[in-house]
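What follows is a set of notes on a single structure, which appears directly below.
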Amino acid sequence: EGSDRSEEQVSGAKVIAQALKTQNVEYMFGVVGIPVTEIALAAQELGMRYIGMRNEQAACYAASAVGYLTGRPGVCLVVSGPGLIHALGGMANANMNCWPLIVIGGSSERNQETMGAFQEFPQAVRSSIYGRPGACYVDIPADLVTLQEKVNSIKYKECCMPPPVSMAEPPAVCMAASVIRNAKQPLLIIGKGAAFSHAEDSIRKLVEQCNLPFLPTPMGKGVVPDNHPNCVGAARSRALQFADVIVLFGARLNWILHFGLPPRYRADVKFVQIDICAEELGNNVRPAVTLLGDINAVSKQELASKKSLPMNYYTVFYHVQEQLPRDCFIVSEGANTMDIGRTVLQNYLPRHRLDAGTFGTMGVGLGFAIAAAIVAKDRSPGQRVICVEGDSAFGFSGMEVETICRYNLPIILLVVNNNGIYQGFDADTWEKMLNFQEAATSVPPMCLLPNSHYEQVMTAFGGRGYFVQTPEELRNSLKQTLEDTSKPCLINIMIEPQSTRKAQDFHWLTRSNM
Ligand code: ADP
Ligand code: MG
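Quick note on full-length UniProt numbering: the sequence shown kicks off at 8 and runs consecutively.
Given below as C-alpha cells:
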C-alpha cells in the first residue's frame, strides 16, 4: 500500500473478472477447464458469484435467466470446442427469449488463431442489454488468460449506462389511444418484454384506469397479478377470439399466440403492437398501430395521452392519489365520488377515513372535515384533511365553508363536479332542453346547474379557489395548495357529466351465445 505499483503485474484472467465486475455483472455459471478455470477463480476472488454446473447447456440457461431477472447479463463460462457447442442451446434460447447473456469461451492461443481483445467486454455487456436484449459471445484466447500485464497498463471501461429508454412517436401514441378508446372488446396481452422492462406499475395503471381486460403470456404472468379482476386468463381462448382490439405489450405473435391469425382471432381484429425491436413490428399480421419503444416508457405515454377531456372519476382520483400525503385524513361523500374514490384513494392510517357511513348520509362531509382538522391541529399538527365531495353532496352543507375560513382550517375541499346527482348534463344539452320547454317541467330531477363555480364559495370567504378542467390544472392546483398551508382551499373539478362507474364485468367474455 502506498508503494509504487507500476511494476505490479496482473493476469489476463483477473483483468477479465475485474472488467465484468466493473460492469456490475454479478453472476457467473459454467463448467471450468483449460483455459478458463483461472477466470472463475479470479471472479470469486473479486466477490462475484461463481456457480459450477455439470453441463454448459444448463449453465447457459441459468446465466440467461439471471439476465432476465436482474437486467444485467449473467455470464456463462465455458471451454473451447465441446464446451461452447454445449452452450449453443442456451445461447439460442436466450436469443429467442430476448434475455441478456454473455458467454465467455476459452479458445486456443493467439499465435494459433488471431482473435478477441479485452476491450470487447463493455461492448459485450451493452449489446446484451441494449435494444432487444439477447446473447453475446466473447472468445478469450488461452494465452490472454494467463498473460501477465502491468497493472498500470490496463484500463477498465467504466460501467456502461443502463439501456437508453426510447419512446414511441407521439402521433402513433394518440392513434393507439383512439383505437383503444373506440374498441368494444379490447384486450391487452402482456408478454415477457413487459416483465423485462419493469412495466408493472404503468401497465397496471393503464389496466385500471381504462378498465381493460388483460391476458398474460406464460412469462408475462405476474406483471399484473393473476388474481386481478381484469385478468381473463381463465377465458383465454374466448378473449383472443372475440377481441376487436388487441394491444401487444412485449409479446410476439408467434406460435404461443397462434400467429395472430383466424380462426383463433377475428379476421378484422386490430392489433396495437408495442415492441423495442423494429423488425418485430408487423410480423405475421398488419397492425393498426405500431409503437416502437420501451414498454414501460410507452405505457406511460399512453397513460399521459389519456388526458382526453373532460376527465372522468378515474382520471381525477388517479391524479389526486399521486400527490396525497400518506398521513392525511380523507373525508368523502357523494355517490360515485365516494364509491370510486374509495377504490382509488389509499389510506395508510386507522381512523383517517370518514364518509357517508352506515346511514349513507349526504351532508356530513364538511362537518366531519372540520372535526378532523381541529383534532389534527391539536394532536398531529401538519396532517392535512382532504374532503372529497360530489357536487350534489357539497350542496348539503356548503355554507360550512365559512366556518372553515373563519377558523382557517387546513382543509382541502375537492368538489368532483358532474353537474348533477349521479349524473348531469353538459351546458349545451342543458341550453337546448331549456329552449324547448320550461325548466320546471323539463329539467331531469338529477340535474344541477352546469358549470357551477363552487370554488367561488371558498373565495367569497377569503380562501383559495380553483376551477379545473384538465389533469394538469388539477395537479398544479393540488400541488400548490399542499405546499402552501396558509389558507383553506376548494378545487372545483369538472368531469364528464355522464361519467359513471366502470361496468362490473366483461359481458362479451361471458355471454354464452357468442
Ligand atoms: P412472450 O413469450 O411473453 O409472448 P415474447 O418473447 O414473444 O414474449 O416477446 C417479447 C418481446 O418483447 C420481444 O419482441 C422483445 O423485442 C420485446 N422486448 C423486450 N424488452 C423490451 C422492452 N424493454 N421494451 C419493449 N419491448 C421489449
Ligand atoms: Mg410471445
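Just so it is clear, CB atoms sit at the ideal spot from N, CA and C, and this is done for glycine as well.
The model shown is predicted, which means the values in this text are computed figures rather than measured ones.
Check                                                                                                                                                                                        : Outcome
Report the three-state DSSP secondary structure of D346 (helix, strand or coil).                                                                                                             : helix
Under 7 Å: does the beta carbon of A258 sit that close to some heavy atom of the ligand ADP?                                                                                                 : yes
Taking 7 Å as the cut-off, is the C-beta of D233 nearer than that to any heavy atom in the ligand ADP?                                                                                       : no
Express the C-alpha separation of N424 and V450 in angstroms, rounding to a whole number.                                                                                                    : 18 Å
Indicate, with yes or no, if the ligand ADP has a heavy atom lying under 7 Å from the CB of S71.                                                                                             : no
Please state whether DSSP places V464 in a helix, a strand or coil.                                                                                                                          : helix
Note down, in chain order, each residue of its chain lying with its Cβ closer than 8 Å to the Cβ of G469, except the 5 sequence neighbours on either side.                                   : C412 and K494
Would you mind working out which of R482, Y34 and K277 sits nearest L108, comparing C-alpha positions?                                                                                       : Y34
Check whether the Cβ atoms of G112 and Y68 sit closer than 8 Å, and answer yes or no.                                                                                                        : no
First and last residue of the beta strand (DSSP E) that includes R471?                                                                                                                       : R471 to V475
I'd like to know whether the C-beta atoms of F474 and C454 end up nearer to each other than 8 Å.                                                                                             : no
Tell me which residue opens and which closes the alpha helix (DSSP H) that M182 is part of.                                                                                                  : P177 to R188
Check each candidate in L84, I418 and S399 and name the one with the smallest Cα separation from I381.                                                                                       : I418
Suppose you measure from the CA of K162 to the CA of Q155; what does that come to, to the nearest Å?                                                                                         : 14 Å
Starting from the C-beta of E176, find all residues in its chain whose C-beta is less than 7 Å away, skip the five residues before and the five after it, and write them out in chain order. : none
Tell me the DSSP bridge mates of F221?                                                                                                                                                       : L195 and C238
Is any heavy atom in the ligand ADP found nearer than 7 Å to the beta carbon of G113?                                                                                                        : no
Just reading off the alpha helix (DSSP H) that K212 is part of, what are its end residues?                                                                                                   : E207 to Q216
By the three-class DSSP mapping on this structure, what secondary structure does E309 have?                                                                                                  : helix
If you reduce the DSSP assignment to three classes, tell me which class A99 lands in.                                                                                                        : helix
Measuring straight from C-alpha to C-alpha, what distance separates T416 and T436?                                                                                                           : Residue 416 is actually Leu in this sequence, not Thr. When rounded, the distance between both Cα atoms is 38 Å.
Return yes when at least one heavy atom of the ligand ADP lies under 7 Å from the C-beta of E287, else no.                                                                                   : yes
Can you tell me whether DSSP reads S18 as helix, strand or coil?                                                                                                                             : strand
Are the beta-carbon atoms belonging to C167 and I187 less than 8 Å from one another?                                                                                                         : no
Is it a yes or a no for the region 352 to 372 touching the region 397 to 408, going by three-plus beta-carbon pairs under 8 Å?                                                               : yes
Considering only heavy atoms of the ligand ADP, does any lie closer than 7 Å to the CB of S204?                                                                                              : yes
What are the start and end residues of the beta strand (DSSP E) that includes D385?                                                                                                          : Per DSSP, D385 belongs to no beta strand (DSSP E); it is in the alpha helix (DSSP H), G372 to R386.
Straight-line CA distance for V408 to L481?                                                                                                                                                  : 20 Å
If distances are taken between C-alpha atoms only, which option among V292, D282 and H265 comes closest to D275?                                                                             : V292
As a quick exercise: from S134, I92 and S115, pick the residue whose alpha carbon is nearest that of P80.                                                                                    : S134
Under 8 Å Cβ to Cβ from C181, same chain only, skipping five residues before and after it: list those, please.                                                                               : S312
In the DSSP output, what is G397 paired with across the bridge?                                                                                                                              : V423
For L497, which beta-bridge partners are listed by DSSP?                                                                                                                                     : L420 and G472
Along the chain, where does the alpha helix (DSSP H) that runs through Q411 open and close?                                                                                                  : Checking the sequence, you will find Ile at residue 411 rather than Gln. Segment E407 to R413, the alpha helix (DSSP H) holding I411.
Using the rule of at least 16 other Cβ atoms within 10 Å of the residue's Cβ for burial, across every protein chain shown, is D301 buried or exposed?                                        : buried
Going by the beta-carbon positions, is the gap between G405 and G341 smaller than 8 Å?                                                                                                       : no
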